[in-house]
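A.B. asks: Encoded as C-alpha cells, here's the structure I'll be asking about.
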C-alpha cells in the first residue's frame with residue numbers, strides 16, 4: 005500500500021481545491037450577469053430530428069446484451085482461475101458502496117491498476133456513456149417529444165426539452181446506483197474493468213455504425229462538427245469548472261447524511277447528468293458533454309490517488 009500523503013501534498017491539494025472553488029464562483033458570477041442581461045450562457049444550435057427510432061435503440065441494446073455475454077464467457081474460458089475467484093463470496097473487509105475503480109486503486113495501487121482505471125474511467129466510460137445517454141437516448145427522446153406535445157395538451161405548456169433531459173438523466177443516474185456488498189479481489193476487479201470497457205467500446209462501435217449506415221445519420225446527427233472542436237473543448241471545460249466543485253460538496257453532504265449501505269452517487273449524478281443533458285440540448289454536439297464527463301472522472305480519480 006502507498007504511504008499516507010505527505011503534508012506538502014495535502015497542502016498543495018487544499019490549495020488546488022480552494023483555487024477551483026474561487027474560479028467556479030467567478031464563473032458563476034459571469035453566468036449570473038449574462039442571465040440578468042437576458043443573454044444565453046450556451047448559444048442555441050438547432051438541428052433536424054435524429055433519424056433513429058425506438059426500434060434502433062432496441063437493436064443496439066440487444067447487441068449490447070449479446071456482446072456482454074460473449075465477453076464474459078470468453079473471459080471465463082481464458083481465465084478460469086479468475087472466474088473461480090469471482091464465484092467465491094468475499095470473506096474479508098466490510099460491505100461498501102464504493103465504485104470498483106476506487107476499490108481497485110485502494111487495494112492495489114500499482115501502475116497497471118492505475119492505467120486500467122484511467123482508460124476505463126477517464127476515456128472509455130465518458131465517450132461510450134455520452135453516446136448512449138445523450139446522443140442516442142436523449143436524441144431520440146427529443147424527436148419523440150414533438151409527437152407527445154401534439155397528443156397531450158398538458159405538455160404544450162411545459163418548456164420544450166425538459167422531459168428528454170430529465171428522462172435521460174434519471175436513466176444515467178440509475179445505471180450508477182450500487183448496493184453495499186463485499187468487494188471482490190483486486191484481480192477480479194481488474195478483469196471486470198477490462199471486460200466492461202471492451203463491451204462498452206464494442207457496443208458503441210456497433211451503435212455508431214448502425215445509425216450511420218443502416219439509418220443514414222450524418223456526422224452532425226451524431227453530434228460531431230469538426231469546425232466547432234475548439235469551442236466545444238472550451239465549453240466542456242467551462243462547464244466542468246462551474247459544476248464539479250459543487251458536485252463534490254453535494255457528494256460530501258450526502259455521505260454524511262445517508263447510511264453507509266446507500267450510495268450517494270445516483271443523487272449527485274442526477275444534477276450532473278442534467279447539466280450534461282442541457283449542454284447537449286443547447287448545442288446538439290456531443291464533444292462538450294464528453295469533455296465535461298471526462299473532467300469529472302479525471303478529477304475523482306486524481307483525488308482518490310492523492311489520498312491513498
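In the numbering used here, the protein residues as written are 5 to 312. Cβ coordinates follow ideal geometry from the N, Cα and C atoms, glycine included. Source: prediction; values computed, not measured.
Going by other Cβ atoms of all chains shown within 10 Å of its Cβ, with 16 needed for buried, is residue 222 buried or exposed?
C.D. replies: Exposed, by the Cβ-count rule.
A.B. asks: Residue 293 and residue 146 look like a contact to me (Cβ under 8 Å); what is the Cβ gap, rounded to whole Å?
C.D. replies: With 8 Å as the limit, residue 293 and residue 146 do not qualify as a contact, their Cβ atoms being about 14 Å apart.
A.B. asks: From the DSSP output, in three-state form, read off residue 267 for me.
C.D. replies: It is coil, neither helix nor strand.
A.B. asks: Look at residue 262 and residue 268 and say whether their C-beta atoms are less than 8 Å apart.
C.D. replies: Contact flag set, yes.
A.B. asks: With a 10 Å radius around its C-beta and 16 neighbouring C-beta atoms as the bar for buried, classify residue 225 as buried or exposed.
C.D. replies: Per the 10 Å Cβ criterion, buried.
A.B. asks: Let me check understanding here. Comparing Cα to Cα, which of 98, 118 and 99 lies closest to residue 105?
C.D. replies: Nearest of 98, 118 and 99 to residue 105, Cα basis: 118.
A.B. asks: Buried or exposed: which applies to residue 181, given that a residue is buried once 16 or more other Cβ atoms fall within 10 Å of its Cβ?
C.D. replies: It counts as exposed.
A.B. asks: Would you say residue 185 faces chain B, with C-beta separation under 8 Å as the test?
C.D. replies: The question asks about chain B, but that chain is absent: this structure has only one protein chain.
A.B. asks: Would you call residue 6 buried or exposed, if buried means 16 or more other Cβ atoms sit within 10 Å of its Cβ?
C.D. replies: Any answer about residue 6 is weak, because its pLDDT of 48 lies below 50 and its placement is not dependable; what the coordinates show is given next. Exposed is the call here.
A.B. asks: Do residue 4 and residue 55 have their C-beta atoms within less than 8 Å of each other?
C.D. replies: Past the boundaries of the shown model lies residue 4; the chain is included only from 5 to 312, so the question cannot be answered.
A.B. asks: Mind checking who residue 354 pairs with in its DSSP beta bridge?
C.D. replies: Past the boundaries of the shown model lies residue 354; the chain is included only from 5 to 312, so the question cannot be answered.
A.B. asks: Once you ignore the five residues that flank residue 309 on each side, which residues in its own chain have a CB closer than 8 Å to its CB?
C.D. replies: Taken in chain order, the residues that qualify are 109, 113 and 118.
A.B. asks: What do you get for residue 149, buried or exposed, if any count of 16 or more other CB atoms within 10 angstroms of its CB means buried?
C.D. replies: Looking at its Cβ environment, which holds 16 or more other Cβ atoms inside 10 Å, residue 149 is buried.
A.B. asks: Which of the three DSSP states, helix, strand or coil, is assigned to residue 46?
C.D. replies: It is coil, neither helix nor strand.
A.B. asks: Rounded C-beta distance between residue 142 and residue 174? I'm assuming under 8 Å.
C.D. replies: Going by Cβ atoms, the distance from residue 142 to residue 174 rounds to 11 Å, so no, they are not a contact pair.
A.B. asks: What are the uninterrupted segments assigned as alpha helix (DSSP H) that are 4 or more residues long and contained completely in the region 164-215, given in chain order?
C.D. replies: Listed in chain order, they are 166-179 and 190-213.
A.B. asks: Around the Cβ of residue 98, are there at least 16 other Cβ atoms within 10 angstroms (buried) or fewer (exposed)?
C.D. replies: Result: exposed.
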